[in-house]
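S.K.:
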Amino acid sequence: MDSDLSPQDKKDLDKFIKFFALKTVQVIVQARLGEKICTRSSSSPTGSDWFNLAIKDIPEVSHEAKKALAGQLPGIGRSMCVEISLKTSEGDSMELETWCLEMNEKCDKDIKVSYTVYNRLSVLLKSLMAITRVTPAYKLSRKQGHDYVILYRIYFGEVQLSGLGEGFQTVRVGVVGTPVGTVTLSCAYRTNLAFMSSRQFDRSAPILGIIVDHFVDPPCSSQRPAVLGQPCNYRAPDEEDGGAFAGVQDSQEVCTTSFSTSPPSQCVCTLSPSPSKMSKPLPLDSLQLPLAPGLVAHNMCSSRVSYQPGALPGAAEVHPTAANAAQVLHAGKEGGVGVVPCQPHGAETHLTGEPPLNTPGSSGDDEGLSRSAEERSVSPSDPVEYLNAFTRKVGAFVNKPSTQITAANLDLPFAAFAARGLDTEGSDPMVQPPESPPSQSPLQASLHSQGSEGSGPQDDFVMVDFRPAFSKDDLLPMDLGTFYREFQNPPQLTSLSLHISSQSMADDLDSLPEKLRVYEKNIDEFDAFVDMLQ
Amino acid sequence: MNCRSEVLEVTVEARQIDEAMLALLHTILLHRSTGKFHYKKEGTYSIGTVGTADSDCDFIDFTFVRVSSEELDRVIRKAVCEFKDGLNNSGSDGMGQISLEFYQKKKSRWPFSDECIPWEVWTIKVNVVNLANEQERQICREKVGEKLGEKVINVVEPQRRPAVSVQNHLPDHRFPGHFCEHHYEETDQRHAGAVRIRNLSLY
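So the sequences go chain by chain: G and V.
The working numbering puts the first residue of the first sequence at 1, with every later residue one more than the last.
The working numbering puts the first residue of the second sequence at 1, with every later residue one more than the last.
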């Protein structure tokens, strides 16, 4: 087949294929730099404007491409591949896509090399430009930053697709027939990022207040592993190449490139698997992230910066005072932990310096309840000790100054017991129920009762704080709490007792025959009544 | 000669019409644009260089590549805007189509007028939907982005098939004067044959 080609055509064809391969690498890598690419049209072509397209050459990329080619050309059985991978700041890496420039044996001997093949290669490069913006890796590359970077690797030989995981998709960019074979350009891209997420969550639990940019060095350091490849990043090149890069940038006069210096505080992203199928979102359930299909979700940082409940004093393990709240804030500052917007509300209220608010009898106050129960069982006879042991709890919707802590203002169970030893200056009747003598306190009776005659099983809970919200009623001498305590254990209804119910049933059965005799005697009256109704 | 016809169908929200049309039309024109020919003495000529520019869509999660030509962009936007206005004012159920036609002008002898022979027609059918809430709009934004990606692949696919009609209109040194005049003036680019954008029926 080669004998049909003139030496000039053969030489031209080799040159076209060589520069096509180099331009292919440039287009792919530049599409993964993370910025929008813009080049100017020109009526005067230069020596580097191969295929009538303004594709700038990044020197490092050209160097890598030439090194991979090593003087060879993509041919039959010798494919040139550009592998795009992602590397996170933690060191995890994953192949995203592999672009393959291959040649098969199908020849088009009638085609003209100089113009037809050249022009078709130009069209193929345009198709490559369009397709590189369509594959899922493009969106990832636009959002690369401190959390992850995009790497590329060029290799020659057999195509390796095993690193793309299961279910990878392929898209054919285009084919161009030549007298020596058909040039094929295709892309295989990953659709499954699940293993990346599972590896992320195998790590230790996230700690509070992690600084997103706590990595001193960017993930892409000068010591790049050869296996992973080179970063698609303008910040990556060495200083020696800075001049060359500057030259590249200078030529892009209208380029609207935007170098994101403030990276998003997100980790590896999930993404829509492919544009060519309406597939469900990637397995994000393992990530526990809300994700809309197709979107690149970037909320893994919520797991990184989510707090451990125990780490925050605001979790109400104790009842910190304002001083404690300030200490927490101070500690946070010392630790260099910044306030992350995704902090729970507990932290927000904590930073205000106010003690946490508890609704009376709230179920959230489990600690308080358990404590009160514990103390109740210890010694209800010494209210003074109760007062000393208890911290202040402010009832909800209670408009009282929070700074004054006096004995009269304390809301305590068994206040009736403590009333004689406390300061009685408090005029709030809610604090000290006036009509509850200690010895007759229903609360005491209920707490220490062995069960009334008709009482059922022991109470499941004890109302410790007798200041229910909106419970004050000036009309009645009794408040809701007192009412509740008095009628907390009512006697059982007699009708519900088994003895009485069985007795009534027996009486009913005995009286049944008599009732039937009466009805039969008056049957004529009943029939007349029914006829009247009809 | 036979005219090759390609049909693309998209379903978008009203505010996405512009960007969806621009993405597809620019992608098509990118493949059909070449540098300007500069004829020199001694029967030689040179071809200019075509620049490209990435364009991000505001209402669609999509980025497309277009020819780096502001004049071309203005022409396309004007046509799309007219199409959108016609779609909104027609009172139809949000369905319409726009076509991009590549044709060849054949000069005829007097008194006959020049003959326009289309050799490739791209028809984009649009179906406009109304969404109820922001969540649906967000989902639509992503879905339309995916769909546009599929359409771009559909646009690229025919390029693999060497069309005879297209080949005749590509730069060929044997027929230096065969190319038709431009449909609109460009400084650095030209388009294979002449290009016409026609707003067809709004139904």
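Glycine residues also receive a C-beta, built at the ideal position from the N, C-alpha and C atoms.
If you're wondering where the values come from, they're calculated on a predicted model, not measured in any experiment.
Opposite G/Tyr189 in the DSSP bridges: which residues?
M.R.: G/Glu97, G/Gln169
S.K.: What residues of chain V sit near G/Lys126, judged by a beta carbon separation below 7 Å?
M.R.: Leu30, His31
S.K.: What's the call for G/Gln534, buried or exposed, on a 16-neighbour Cβ count within 10 Å?
M.R.: exposed
S.K.: Using CA atoms only, rank isn't needed, just tell me which of V/Cys3, V/Glu13, V/Arg4 is closest to V/Asn133.
M.R.: V/Glu13
S.K.: Please report the residue range of the alpha helix (DSSP H) in which G/Thr482 lies.
M.R.: 480-486
S.K.: With C-beta atoms as the reference, is G/Met80 less than 7 Å away from G/Phe156?
M.R.: Taking 7 Å as the Cβ cut-off, G/Met80 and G/Phe156 qualify as a contacting pair.
S.K.: Any idea what DSSP makes of G/Trp50, helix, strand or coil?
M.R.: Helix.
S.K.: Figure out for me which residue from V/Glu120, V/Lys147, V/Phe112, V/Gly48 has the closest Cα to the Cα of V/Tyr103.
M.R.: Minimum Cα distance to V/Tyr103 is reached at V/Glu120.
S.K.: Of all the CB atoms in chain G, is at least one closer than 7 Å to the CB of V/Ile153?
M.R.: yes
S.K.: Can you tell which of G/Arg32, G/Leu73, G/Ser48 has the C-alpha that lies nearest to the C-alpha of V/Asp204?
M.R.: Outside the shown range of chain V, which is 1 to 203, sits residue 204 of chain V, and nothing can be said about it.
S.K.: Which bits of chain V does G/Pro45 rub up against, with CB to CB less than 8 Å?
M.R.: In chain order: Gly35, Ser46, Ile47, Gly48, Thr49.
S.K.: Could you name each continuous alpha helix (DSSP H) segment of 4 residues or more that falls completely within the stretch 120-150 of chain G, going from the start of the chain to the end?
M.R.: Whole alpha helix (DSSP H) segments, 4+ residues: 136-142.
S.K.: State the Cα-Cα distance for the pair V/Glu136 and V/Val129, rounded to the nearest angstrom.
M.R.: 11 Å
S.K.: Roughly how many angstroms lie between the CA atoms of G/Asn192 and G/Thr46, to the nearest whole one?
M.R.: 43 Å
S.K.: Excluding the 5 residues flanking G/Ser114 on each side, which residues of the same chain have their C-beta closer than 8 Å to its C-beta?
M.R.: Non-local C-beta neighbours of G/Ser114 in its own chain, meaning closer than 8 Å and more than five positions away in sequence, comprise Asp9, Asp12, ordered along the chain.
S.K.: When the Cα of G/Leu161 is compared with those of G/Ser186, G/Thr116, G/Tyr148, which residue comes out closest?
M.R.: Considering only alpha carbons, the answer is G/Ser186.
S.K.: Is there contact between the stretch 20-33 of chain V and the stretch 93-102 of chain V, where contact requires at least three CB pairs shorter than 8 Å?
M.R.: yes
S.K.: For a test of the three-state rule: what should DSSP assign to V/Thr44, helix, strand or coil?
M.R.: coil
S.K.: Is DSSP giving V/Ala53 helix, strand or coil here?
M.R.: strand
S.K.: What residues from chain V crowd round G/Ala137, counting only those whose CB sits closer than 9 Å?
M.R.: Near G/Ala137 there are no residues of chain V at all, since even the closest Cβ is about 12 Å away, more than 9 Å.
S.K.: Short check: CB of G/Gly174 to CB of G/Ser127, under 7 Å?
M.R.: yes
S.K.: Mind the definition here: the stretch 120-134 of chain G touches the stretch 166-182 of chain G only if three or more C-beta pairs lie below 8 Å; say whether that holds.
M.R.: Counting C-beta pairs with one atom in each stretch, the stretch 120-134 of chain G and the stretch 166-182 of chain G have three or more that are closer than 8 Å, which means they touch.
S.K.: Report the option in V/Leu148, V/Trp122, V/Gly145 whose CA atom is closest to the CA atom of V/Glu32.
M.R.: The displayed chain sequence assigns Arg, not Glu, to residue 32 of chain V. Of the candidates V/Leu148, V/Trp122, V/Gly145, the one whose C-alpha sits nearest the C-alpha of V/Arg32 is V/Trp122.
S.K.: Can we count V/Val129 as close to the ligand ZN, meaning its CB is less than 6 Å from some heavy atom?
M.R.: In the structure shown, the ligand ZN is absent, as is every other ligand, since no ligand is present at all.
S.K.: On the DSSP bridge list, what partners appear for G/Cys38?
M.R.: Its beta-bridge partners are V/Ala53.
S.K.: So G/Tyr138 packs on G/Gln230, CB below 8 Å; how close in whole Å?
M.R.: Not confirmed; about 18 Å, so no contact.
S.K.: For the stretch 60-78 of chain V, which residues have a CB atom closer than 9 Å to at least one CB atom of chain G, in sequence order?
M.R.: Asp61, Phe62, Thr63, Phe64, Val65, Val67, Ser68, Ser69
S.K.: Have a look at G/Gln169 and G/Tyr189 and give me their C-alpha separation to the nearest angstrom.
M.R.: So the two alpha carbons sit approximately 5 Å from each other.
S.K.: Taking 7 Å as the limit between beta carbons, can you name the residues of its chain near G/Thr132, skipping five residues before and five after?
M.R.: The answer, listed in chain order, is Val27, Ile28, Ala31, Tyr138.
S.K.: Any beta-carbon of chain G closer than 7 Å to the one on V/Gly149?
M.R.: yes
S.K.: Could one say the Cβ of V/Thr11 lies closer than 7 Å to chain G's Cβ atoms, at least one of them?
M.R.: no
S.K.: Give the straight-line distance between the Cα atoms of G/Lys66 and V/Glu9, rounded to the nearest whole angstrom.
M.R.: Roughly 42 Å between the two C-alpha positions.
S.K.: Closer than 7 Å by C-beta to V/Thr11: which residues in its own chain qualify, once you throw out the five before and the five after it? Chain order, please.
M.R.: Asn127, Val129
S.K.: What residues of chain V sit near G/Ser186, judged by a beta carbon separation below 7 Å?
M.R.: Here the premise fails: no neighbours, minimum Cβ distance about 11 Å.
S.K.: Under 7 Å between C-beta atoms, does V/Thr123 make it to chain G?
M.R.: The beta carbon of V/Thr123 does not come within 7 Å of any beta carbon belonging to chain G, so the residue lies off that interface.
S.K.: Please state the DSSP three-state secondary structure of G/Ser44.
M.R.: coil
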